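Chains as they are written, first to last, in this note's numbering: chain A, 1 to 365; chain B, 366 to 730. Positions of the beta carbon are idealized from the N, C-alpha and C atoms, including for glycine. Remember, predicted model here, so these are calculated numbers, not experimental data.
2 protein chains.
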Amino acid sequence: MSKAQTAIVMLNLGGPATLADVQPFLLELFADREIIQLPLQRWLGPYIARRRTPKVRALYDSIGGGSPILRHTDAQGRGMIERLDRLSPETGPHQYYVAFRYTRPNSDDALRAMAADGVRRAVAFTQYPQFSCSTTGSSLNELWRAAARTRLTETFEWSIIDRWPVHDGFVAAMTEAMKEGLERFAPADRDRVLLLFSAHSLPLDVIDRGDAYPQEVGATVQRVVECLGAPNRYMLAYQSDVGPVRWLGPSTERVIRAVGARGEKRVLVVPIAFTSDHIETLSELDREYGHVAASVGITEYVRAPALNDSPRFLDALADIAREHLASGTRYGTQYPMHCAGCRNSQCRKIVNPVGALAPRPTRRS
Amino acid sequence: MSKAQTAIVMLNLGGPATLADVQPFLLELFADREIIQLPLQRWLGPYIARRRTPKVRALYDSIGGGSPILRHTDAQGRGMIERLDRLSPETGPHQYYVAFRYTRPNSDDALRAMAADGVRRAVAFTQYPQFSCSTTGSSLNELWRAAARTRLTETFEWSIIDRWPVHDGFVAAMTEAMKEGLERFAPADRDRVLLLFSAHSLPLDVIDRGDAYPQEVGATVQRVVECLGAPNRYMLAYQSDVGPVRWLGPSTERVIRAVGARGEKRVLVVPIAFTSDHIETLSELDREYGHVAASVGITEYVRAPALNDSPRFLDALADIAREHLASGTRYGTQYPMHCAGCRNSQCRKIVNPVGALAPRPTRRS
Numbered sequence: 001m002s003k004a005q006t007a008i009v010m011l012n013l014g015g016p017a018t019l020a021d022v023q024p025f026l027l028e029l030f031a032d033r034e035i036i037q038l039p040l041q042r043w044l045g046p047y048i049a050r051r052r053t054p055k056v057r058a059l060y061d062s063i064g065g066g067s068p069i070l071r072h073t074d075a076q077g078r079g080m081i082e083r084l085d086r087l088s089p090e091t092g093p094h095q096y097y098v099a100f101r102y103t104r105p106n107s108d109d110a111l112r113a114m115a116a117d118g119v120r121r122a123v124a125f126t127q128y129p130q131f132s133c134s135t136t137g138s139s140l141n142e143l144w145r146a147a148a149r150t151r152l153t154e155t156f157e158w159s160i161i162d163r164w165p166v167h168d169g170f171v172a173a174m175t176e177a178m179k180e181g182l183e184r185f186a187p188a189d190r191d192r193v194l195l196l197f198s199a200h201s202l203p204l205d206v207i208d209r210g211d212a213y214p215q216e217v218g219a220t221v222q223r224v225v226e227c228l229g230a231p232n233r234y235m236l237a238y239q240s241d242v243g244p245v246r247w248l249g250p251s252t253e254r255v256i257r258a259v260g261a262r263g264e265k266r267v268l269v270v271p272i273a274f275t276s277d278h279i280e281t282l283s284e285l286d287r288e289y290g291h292v293a294a295s296v297g298i299t300e301y302v303r304a305p306a307l308n309d310s311p312r313f314l315d316a317l318a319d320i321a322r323e324h325l326a327s328g329t330r331y332g333t334q335y336p337m338h339c340a341g342c343r344n345s346q347c348r349k350i351v352n353p354v355g356a357l358a359p360r361p362t363r364r365s
Numbered sequence: 366m367s368k369a370q371t372a373i374v375m376l377n378l379g380g381p382a383t384l385a386d387v388q389p390f391l392l393e394l395f396a397d398r399e400i401i402q403l404p405l406q407r408w409l410g411p412y413i414a415r416r417r418t419p420k421v422r423a424l425y426d427s428i429g430g431g432s433p434i435l436r437h438t439d440a441q442g443r444g445m446i447e448r449l450d451r452l453s454p455e456t457g458p459h460q461y462y463v464a465f466r467y468t469r470p471n472s473d474d475a476l477r478a479m480a481a482d483g484v485r486r487a488v489a490f491t492q493y494p495q496f497s498c499s500t501t502g503s504s505l506n507e508l509w510r511a512a513a514r515t516r517l518t519e520t521f522e523w524s525i526i527d528r529w530p531v532h533d534g535f536v537a538a539m540t541e542a543m544k545e546g547l548e549r550f551a552p553a554d555r556d557r558v559l560l561l562f563s564a565h566s567l568p569l570d571v572i573d574r575g576d577a578y579p580q581e582v583g584a585t586v587q588r589v590v591e592c593l594g595a596p597n598r599y600m601l602a603y604q605s606d607v608g609p610v611r612w613l614g615p616s617t618e619r620v621i622r623a624v625g626a627r628g629e630k631r632v633l634v635v636p637i638a639f640t641s642d643h644i645e646t647l648s649e650l651d652r653e654y655g656h657v658a659a660s661v662g663i664t665e666y667v668r669a670p671a672l673n674d675s676p677r678f679l680d681a682l683a684d685i686a687r688e689h690l691a692s693g694t695r696y697g698t699q700y701p702m703h704c705a706g707c708r709n710s711q712c713r714k715i716v717n718p719v720g721a722l723a724p725r726p727t728r729r730s
């Protein structure tokens, strides 16, 4: 293979690849003040992480002994790069690098590999369709800190893809996944299936600071429903709230209980804010809420497949990267903005988005 | 004028036309359990309404002695009907009727006028772009109760337009209003103006029941921003929360304070969930938050004009009605659905959506 001209750095949460990785993963997660803010975090974070380890380890054990997210991300990266080399030969060859937030390969790993490969041009490409400071924001800040740690702040010419909530290719891939889900119902029942979109929730204090996430999730839902063009009713709910603080609702679990109690028989749950299978789809949506659904009389409970390495999603990833590279912009218009109530001094910075690229963003993100 | 074939019933909140109407308006508002749920509502509602009357009366006094909403609604109705008679002669002549929720003309007035005019076919057309049980839901339920009260449940052949958050014409009209707002800034500064979309907030317990409103508001914001095609940064916030319960955030007022404190100088506030000027635009956004903005160093604070009787919005209203009439459907796919946590036995019923129309909804709302 010829030397890569352009690095596509895929930013994502990550997950423990093996059961032995569960505790380190949780320690990293509960140390991240951009996702969880605890009093005395340096002590309380590790305490909570250690206390939760056995339970979370059992969940990963139940889904095959670890998170499949690295496998899916590798498949997505390979598929994207293959397509991108064809679609945008002028910026190729391309290479993908994985930068997970709480597991290896992390930002340090990605940056060191890029330096070893002699890459100069780099795109930080979030794998979260909708922007949140808790996810993409945290990953970008970590990338910046990692560049400082590894003394690679001046090595790459960066640009940023920070959100793509209504990108046509993403919407088409989501719609296809929903159609696959609907096909698991008998044709005569299909139009009566309730579509339940489920996104990871956020604590309300994050919402009250002005995080863009619920607005963008709402936009994705509307676009996907339009693209599907089916007569199904739909709802949006938020999953995975934990701990004593109040989170954005309605809660996916409570919605399932309530619609079941009202006589709903057929539900298609659609994970709308994460593109690979992970513990929240394979364990929480499939098993935990699957049991809840059965217990309240929902006779057919189906979860739409995650996008994973579906060809249409690989097309979408390549297309998002190609459009970004062709635009010549460093980042979208929303990127430089802080949440109204931002309290994070590191927010919206990245190593060196300077150089030969356009001096100001002009493209709507 | 020849006898009306089709009635378009414009559902909206309404507002006190004169200062003498303020107390009756508040009494009606605080009696509506679909918008506010109070303990001992029959006693506490009137108590709160009477206590708030002097303050609210002073606000209406400051904006000219009353709400302009009837004037705007009449202009919208006239403009819509004129266009509709041209666009859809096969369902004409059309006539509009105003059914306000807490002031005259109310649902009883509209129904009686329709009966007197000999109308048979009627469309209940919400004037709220995004659906909420607190607004459109409450108005539709009141229409149904009013039909029972006036013994007109069998008189009309109903169909329903219950939401239009991303209708192209509405989006185009909103975009035009935003452009008008942006033109009040110097050309050199225009691209740096922060767009602050503001929608009326809802108590979090309404959100937690699964109200569709925040998802649809998010979708409107995305579409309008896309249609504008400008490089401005934007945020969505929620205004007008009152009382001790927690409401959906971020709060418009707090966002204005926060962005001002961070050095934002130019803000265009865009009311995104209500189409006519009312106390929340003329008093709260313009005066109250205008003072807040000035106090935190925002030197140019502009509010985008309400749609009111802008020709493009009249086109949109006529187009929404025309598309609905041409579709032959009784209601959109979301209409029959209850919120997951619905506790209102009257929800999602209307007088007699039966008869010659299609037996099942097939059009995506």
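Rounded to whole angstroms, what is the Cα-Cα separation between B/GLN370 and B/TYR696?
Whole-angstrom Cα-Cα distance: 19 Å.
Hey, quick one: how far does the alpha helix (DSSP H) through B/ALA464 stretch, first residue to last?
From DSSP, B/ALA464 is part of no alpha helix (DSSP H) but of the beta strand (DSSP E) over 459 to 465.
Residues from the region 166 to 186 of chain A in contact with chain B, defined by Cβ distance under 7 Å:
Among the residues of the region 166 to 186 of chain A, those with a Cβ less than 7 Å away from any Cβ of chain B are VAL166, in the order of the chain.
Using a Cβ distance threshold of 8 Å, determine whether the region 396 to 410 of chain B contacts the region 518 to 529 of chain B, with at least three qualifying pairs required.
In short, these stretches do not touch, since the Cβ pair count stays below three.
Work out the CA separation of A/GLU216 and B/GLN587 for me, nearest whole Å.
So the alpha carbons of these two residues sit roughly 7 Å apart.
Can you name, in chain order, every residue of its own chain whose Cβ lies under 7 Å from the Cβ of A/ARG57, other than the five neighbours on each side?
Within the same chain, Cβ atoms closer than 7 Å to the Cβ of A/ARG57 are found at LEU19 and VAL22, the five residues on either side in sequence being excluded.
Pop quiz: A/ARG383 and A/THR150 are said to be a contact at Cβ under 8 Å. What is the actual Cβ separation, rounded to whole angstroms?
The question about residue 383 of chain A has no answer here: the residues shown for chain A are numbered 1 through 365.
Can you find a CB in chain B that lies within less than 8 Å of the CB of A/GLN222?
Yes, contact with chain B.
Anything in the region 227 to 247 of chain A with a Cβ closer than 9 Å to a Cβ of chain B? List those residues in chain order, please.
Answer in chain order: LEU228, GLY229, ALA230, PRO231, ASN232, ARG233, TYR234, MET235, LEU236, ALA237 and ARG246.
Mark A/GLY64 as exposed unless 16 or more other C-beta atoms lie within 10 angstroms of its C-beta, in which case mark it buried.
Classification for A/GLY64: exposed.
How far does the alpha helix (DSSP H) with B/TYR666 in it extend, from its first residue to its last?
Careful: B/TYR666 lies outside any alpha helix (DSSP H), inside the beta strand (DSSP E) at 665 to 668.
Give the interface partners of A/ILE207 over in chain B, defined as CB-CB distance under 9 Å, in chain order.
Under the 9 Å cutoff, chain B gives LEU613, GLY614 and PRO615.
Going by the DSSP bridge assignment, what does B/GLN492 pair with across the sheet?
Paired residue(s): none; B/GLN492 is not in a bridge.
For the putative contact between A/LEU285 and A/GLY181, defined by C-beta atoms under 8 Å, what is the C-beta separation to the nearest angstrom?
Between A/GLY181 and A/LEU285 the Cβ distance is about 12 Å, and since that is not below 8 Å, they are no contact.
Enclosing alpha helix (DSSP H) for A/MET114 [first to last residue]:
Element bounds for A/MET114: 107 to 116.
Strictly by DSSP, which residues pair up with B/GLN604?
Answer is B/HIS565, bridged to B/GLN604.
Beta carbon of B/VAL590: closer than 7 Å to some heavy atom of the ligand FMN?
Within the structure as shown, the ligand FMN is missing, as the structure has no ligands at all.
Measuring CA to CA, which of B/ILE621, B/SER453, B/GLN460 and B/HIS565 is closest to B/VAL661?
Comparing Cα positions, the closest option is B/ILE621.
Compute the Euclidean distance between the alpha carbons of B/PHE535 and B/PHE678, then round it to the nearest angstrom.
Looking at the two C-alpha atoms, the distance is approximately 6 Å.
What in chain B is Cβ-close to A/ARG262, meaning under 9 Å?
Result: HIS703, ALA705 and CYS707.
Give me the chain B residues within the contact set of A/GLN334, using Cβ-Cβ distance strictly less than 8 Å, ordered along the chain.
Chain B residues near A/GLN334: ARG598 and TYR599.
At the 8 Å Cβ level, is B/ALA669 part of the contact set with chain A, yes or no?
No, B/ALA669 does not count as interfacial toward chain A.
Any C-beta of chain A sitting closer than 8 Å to the C-beta of B/GLU581?
Using a Cβ-Cβ cut-off of 8 Å, B/GLU581 counts as an interface residue toward chain A, since at least one Cβ of chain A sits closer than that to its own.
Quick check on A/GLY210 - is its C-beta less than 8 Å from some C-beta in chain B?
Output row for A/GLY210: interface = yes.
Please name the residue, chosen from A/ARG83, A/ALA316 and A/ALA212, that lies closest to A/THR175 on a Cα-to-Cα basis.
Here the closest residue by C-alpha is A/ALA316.
Mapping the DSSP letters down to three states, classify B/VAL531 as helix, strand or coil.
Three-state DSSP puts B/VAL531 in coil, outside helix and strand.
Test: B/VAL624 CB closer than 8 Å to a CB of chain A:
Using a CB distance cut-off of 8 Å, B/VAL624 counts as an interface residue toward chain A.
Spatial neighbours of A/ALA49 in its chain, beta-carbon cut-off 6 Å, leaving aside the 5 residues before and after:
Cβ within range, chain order: LEU26, LEU27 and PHE30.
How many angstroms separate the CA atom of A/PRO24 from the CA atom of A/PRO105?
For A/PRO24 and A/PRO105, the distance between alpha carbons rounds to 13 Å.
For a contact defined as C-beta to C-beta under 8 Å, what are the partners of A/ALA219 on chain B?
Those within 8 Å of A/ALA219 in chain B are GLY583, ALA584, VAL586, GLN587 and ARG588.
Please state the DSSP three-state secondary structure of B/TYR700.
Note: B/TYR700 maps to coil in three-state DSSP.
Find out if the Cβ-Cβ distance for the pair A/GLN127, A/THR275 is shorter than 8 Å.
Result yes, Cβ atoms of A/GLN127 and A/THR275 sit closer than 8 Å.
On the three-state DSSP scale, how would you describe B/VAL635?
For B/VAL635, the three-state secondary structure derived from DSSP is strand.
Between A/THR53 and the rest of its own chain, which residues show a CB-CB distance below 7 Å, the 5 nearest in sequence each way excluded?
The residues are VAL22, GLN23 and LEU26.
Apply the 10 Å Cβ neighbour rule to B/ALA512 and answer buried if 16 or more other Cβ atoms are within range, or exposed otherwise.
Buried, because 16 or more other Cβ atoms sit within 10 Å of the Cβ of B/ALA512.
Own chain, CB closer than 6 Å to B/LYS714, minus 5 neighbours either side, in chain order:
Result list for B/LYS714: TRP509, in chain order.
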